[in-house]
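Chemist: Using full-length UniProt numbering, read the sequence shown as starting at 1 and increasing by one per residue. Quick reminder that beta carbons are idealized off the backbone N, C-alpha and C, glycines included.
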Amino acid sequence: MHQFSSAQIIIKERDENLGGVILKIVRLKPKKFQKLFLNFMLRGNRKNIFSILAIFIFAMVFLFQAPLSLAQQAANPLVEEITELDRQMEAKKKEIETLKKKSATYQKNIEDAKRKAISLETELAILSNKIAKIKIDIEATEKNIEEIQLEIKNLGLQIKEKENNLAENKERMADILRLINQSDRVNYLQIIASDKSFSEVFDQMQYVKELQINLQGTLDKIKAEKEDLQKKEGEKKAKQTEEEKNKENLTKLQASMGDQVAHKEVLLGETFATEKKFQNWLLEAKYEQAQVNSDIYSIEKNIRKKLEESDKNFSGGGGASTGSIALSWPVSPARGITATFHDPDYPYRYVFEHPAIDIRAYQSSKVAAAAPGYVARVKNGGARGYSYVMIIHSNNISTVYGHLSRIDVQEDTYVIRGQIIGLSGGMPGTSGAGGMTTGPHLHFETRLNGIPVNPLNYLP
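1. Look up Arg349 in the DSSP assignment and say whether it is helix, strand or coil.
2. With DSSP collapsed to three states, give me the class of His354.
3. From the DSSP output, which residues share a beta bridge with Lys366?
4. Helix, strand or coil for His441? Go by DSSP, reduced to three states.
5. Nearest by alpha-carbon distance to residue 461: which of Leu327, Tyr346, Ala433 is it?
6. What residue does the beta strand (DSSP E) around Met89 start on, and which one ends it?
7. Mind checking whether His443 and Pro347 have CB atoms under 8 Å apart?
8. I need the straight-line Cα distance from Ile357 to Ser405, nearest angstrom please.
9. For Pro455, I'd like the list of residues in its chain whose CB is within less than 6 Å of its CB, leaving aside the five on either flank, ordered along the chain.
10. What is the residue span of the beta strand (DSSP E) that Arg377 lies within?
11. Verify whether the separation of the beta carbon atoms of Ala339 and His354 is less than 8 Å.
12. By the DSSP assignment, the beta strand (DSSP E) with Val400 in it spans what residues?
13. Please state whether the Cβ-Cβ distance between Lys162 and Leu229 is less than 8 Å.
14. Taking the C-alpha atoms as reference points, what is the distance between Val266 and Glu123?
15. What do you get for Asn457, buried or exposed, if any count of 16 or more other CB atoms within 10 angstroms of its CB means buried?
16. Would you call the region 144 to 156 in contact with the region 85 to 101, where contact means no fewer than 3 C-beta pairs closer than 8 Å?
17. Out of Tyr386, Asn395, Val351, which has the shortest C-alpha to C-alpha gap to Ser119?
18. Taking buried to mean at least 16 other C-beta atoms within 10 Å of its own C-beta, is Arg384 buried or exposed?
19. Helix, strand or coil: which one does DSSP assign to Ile148?
20. Taking the C-alpha atoms as reference points, what is the distance between Lys247 and Thr438?
21. Among Glu121, Ala371, Thr98, whose alpha-carbon lies nearest the alpha-carbon of Thr141?
22. What is the residue span of the beta strand (DSSP E) that Pro455 lies within?
23. Residues in its own chain within less than 7 Å of Lys301 by CB, not counting five upstream and five downstream?
24. Is Thr430 helix, strand or coil when you go by DSSP?
25. What residues match up with Tyr386 in a beta bridge as DSSP calls it?
26. Using the Cα positions of Thr413 and Pro330, report the straight-line distance between them to the nearest angstrom.
27. Among Ala361, Val415, Val409, Gly373, which has the Cα closest to the Cα of Ser424?
28. Would you list the residues sitting across from Ala339 in a DSSP beta bridge?
29. According to DSSP, is Leu448 helix, strand or coil?
30. Thinking C-beta only, is Ile416 closer than 8 Å to Ala369?
31. Whose CA, out of Asn249, Arg115, Met173, Ala255, lies closest to the CA of Leu215?
32. State the Cα-Cα distance for the pair Leu177 and Lys237, rounded to the nearest angstrom.
33. Are the CB atoms of residue 463 and Ile159 nearer to each other than 8 Å?
34. For His342, does the count of other Cβ atoms within 10 angstroms reach 16, so buried, or fall short, so exposed?
35. What is the C-beta distance between Val389 and Tyr374, in whole angstroms, given that I count them as a contact (C-beta under 8 Å)?
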């Protein structure tokens, strides 16, 4: 069945009272046709009204019910722009898919390298592949943001188109109501009593029926357009949220890139210039980490016992506590977490399993106590060593704050929640950073009965 958005109407009238034969071919848009017809209705007499009605009923099917023709769609600037945006989005999807495949290749190289024996060459290979992978991931994220922006623009155009359709359908409904009102003025008794045939009376009744059908159809369209409009607006809002999340992820990837480059530079420095030096450092690092862990565990055990004897507030229920305590963030997490608890991608995992979360923080950011407690250990590593503070809390929980560039508390003192205990560090080569760091951050541990647990289980 052919679809029309304008009517090709042939009016051929042979009534002598109308002045002979008139042949017109009129091509009109729906709105113009409705107005022309309404004028005919208002000015026409009873002798020609049914001829006009027959023509109108013929055209109504096409004017009110048929969707836009392909020709009109092609001529619609909004439709053309939406089609172009669809094409661009499809191109972006293909680019992103290609980048994901490249990223997967680098990830495989990383996994293969991890299975090899620990060596300077292996670690450099892992870092090189990580850096390459992050570059690809950054590019893919940027492309994804561009695609989302295209989708948001596309949805905006679709919303505009829906609004235009809604306004047009409302106008149609108003016109139909006016036509129905005009038809209601016809006196059917006079028509029946006149010399008009039954066929002409039936035509008038059929005309009113067609108007009512078209009125219902237009109302249904208005309802559907409103529902679709709300759906599109919801989709647009969701895409805007997705865009913000992708931008945050992009910022984290860019920061991670800096960390990996810094780590590679450290490995290529004088300390790790040869394989022999790297292996010697590796042994020293493992020993140092084991020593730190042992000190924290034994110190906490001894001091907690003394505290429980003198202060019931530190009672842990005979060591069987499940560690029910709420911690506060020691520094703002707004800049993200660079390494998670037992992070499989932790850069020094070949030395030890990461027992904390690393919270990205500017060098010398204020560090606050996560909960009230007793300062059990203050370790100042000096210019080249590792500096940290350990605080013992109630319910068998303790917290450790590492890579501090400055320490503002002393052992055997009490602190309250939020009290500043020092400044963050972590910049390679700075005071308190130690040897295993790639950039500014706070190393934050949470321990239950001396054993490291995931801090995120206790933070808001």
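Modeler: According to the data block:
1. By 1-based counting over the sequence shown, the position of residue 349 is 349. DSSP places Arg349 in coil when its eight states are reduced to three.
2. Within the sequence shown, numbered from 1, the residue matching residue 354 stands at position 354. The answer is coil: DSSP assigns His354 none of H, G, I, E or B.
3. The residue labelled residue 366 in the question sits at position 366 within the sequence shown. Answer is Leu423, bridged to Lys366.
4. Here residue 441 is taken as the residue at index 441 of the sequence shown, counted from 1. Strand at His441.
5. This structure gives no information on residue 461, because the portion of the chain shown stretches from 1 to 460.
6. On the sequence shown, position 89 is the one that residue 89 refers to. Premise fails: Met89 lies in the alpha helix (DSSP H), 77 to 114, not in any beta strand (DSSP E).
7. Along the sequence shown, one-based indexing puts residue 443 at 443. Along the sequence shown, one-based indexing puts residue 347 at 347. The Cβ atoms of His443 and Pro347 lie no closer than 8 Å to each other.
8. As a first step, residue 357 is located in the sequence shown; it is residue number 357 there, counting from the start. As a first step, residue 405 is located in the sequence shown; it is residue number 405 there, counting from the start. One alpha carbon belongs to Ile357, the other to Ser405, and they sit about 18 Å apart.
9. Your numbering for residue 455 matches position 455 in the sequence shown. The residues are Ile357, Phe444, Thr446.
10. One-based indexing of the sequence shown puts residue 377 at position 377. If you look at Arg377, you'll find it in the beta strand (DSSP E) that goes 373 to 379.
11. In the sequence shown, counting from the first residue as 1, residue 339 sits at position 339. In the sequence shown, counting from the first residue as 1, residue 354 sits at position 354. Yes, the Cβ-Cβ distance between Ala339 and His354 is below 8 Å.
12. Position 400 of the sequence shown, counted from the start, is the residue given in the question as residue 400. It spans 397 to 402 - the beta strand (DSSP E) in which Val400 sits, taken as one unbroken run.
13. The residue labelled residue 162 in the question sits at position 162 within the sequence shown. The residue labelled residue 229 in the question sits at position 229 within the sequence shown. Against a cut-off of 8 Å, the Cβ pair of Leu229 and Lys162 comes out as a contact.
14. Locating residue 266 in the sequence shown gives position 266, counting from the first residue. Locating residue 123 in the sequence shown gives position 123, counting from the first residue. If you take the alpha carbons of Val266 and Glu123, they lie about 11 Å apart.
15. Along the sequence shown, read from residue 1 onward, the residue named residue 457 stands at position 457. It counts as exposed.
16. The region 144 to 156 makes contact with the region 85 to 101: 3 or more CB pairs, one atom from each, lie closer than 8 Å.
17. As a position in the sequence shown, residue 119 is number 119, starting the count at 1. Taking Ser119 as reference, the option from Tyr386, Asn395, Val351 with the minimal CA-CA separation is Val351.
18. Here residue 384 refers to the residue found at position 384 when the sequence shown is read from its first residue. Arg384 comes out exposed.
19. For the purposes of this step, residue 148 is taken as residue 148 along the sequence shown, with counting starting at 1. Here Ile148 carries a helix assignment [DSSP, helix/strand/coil].
20. Start at 1 with the first residue of the sequence shown, and residue 247 comes out as number 247. Start at 1 with the first residue of the sequence shown, and residue 438 comes out as number 438. In a straight line, the C-alpha of Lys247 is about 23 Å away from that of Thr438.
21. If you number the sequence shown from 1, residue 141 lands on position 141. Sorting Glu121, Ala371, Thr98 by C-alpha distance to the C-alpha of Thr141 places Thr98 at the top.
22. The count along the sequence shown starts at 1 and reaches residue 455 at position 455. From DSSP, Pro455 is part of no beta strand (DSSP E); its letter is neither H nor E.
23. Mapped onto the sequence shown, residue 301 falls at position 301. Residues of the same chain with a CB within less than 7 Å of the CB of Lys301, apart from the 5 flanking positions on each side, are Gly450 in chain order.
24. By one-based count along the sequence shown, residue 430 stands at place 430. Of the three classes helix, strand and coil, the one that applies to Thr430 here is coil, per DSSP.
25. Position 386 of the sequence shown, counting from 1, holds the residue named residue 386. Ala433.
26. As a first step, residue 413 must be located in the sequence shown, where it is residue number 413. As a first step, residue 330 must be located in the sequence shown, where it is residue number 330. Rounded to whole angstroms, Thr413 to Pro330 spans 18 Å at the Cα level.
27. Position 424 of the sequence shown holds residue 424. Looking from the CA of Ser424, the closest CA among Ala361, Val415, Val409, Gly373 belongs to Ala361.
28. In the sequence shown, the residue the question calls residue 339 occupies position 339. Beta-bridge partners assigned by DSSP to Ala339: Asp358.
29. Translated into the one-based positions of the sequence shown, residue 448 becomes position 448. Of the three classes helix, strand and coil, the one that applies to Leu448 here is strand, per DSSP.
30. Here residue 369 refers to the residue found at position 369 when the sequence shown is read from its first residue. Here residue 416 refers to the residue found at position 416 when the sequence shown is read from its first residue. Closer than 8 Å, so yes.
31. Here residue 215 is taken as the residue at index 215 of the sequence shown, counted from 1. Scanning Asn249, Arg115, Met173, Ala255 for the CA closest to the CA of Leu215 turns up Met173.
32. On the sequence shown, residue 177 is found 177 positions in, with the first residue counted as 1. On the sequence shown, residue 237 is found 237 positions in, with the first residue counted as 1. Taking the straight line from one Cα to the other gives about 36 Å.
33. Here the chain covers residues 1 to 460 and nothing more, so residue 463 does not appear.
34. By one-based count along the sequence shown, residue 342 stands at place 342. Under the 10 Å beta carbon count, His342 is surrounded by fewer than 16 other beta carbons and is classified as exposed.
35. Translated into the one-based positions of the sequence shown, residue 389 becomes position 389. Translated into the one-based positions of the sequence shown, residue 374 becomes position 374. Rounded, the Cβ-Cβ distance is 11 Å, inconsistent with contact.
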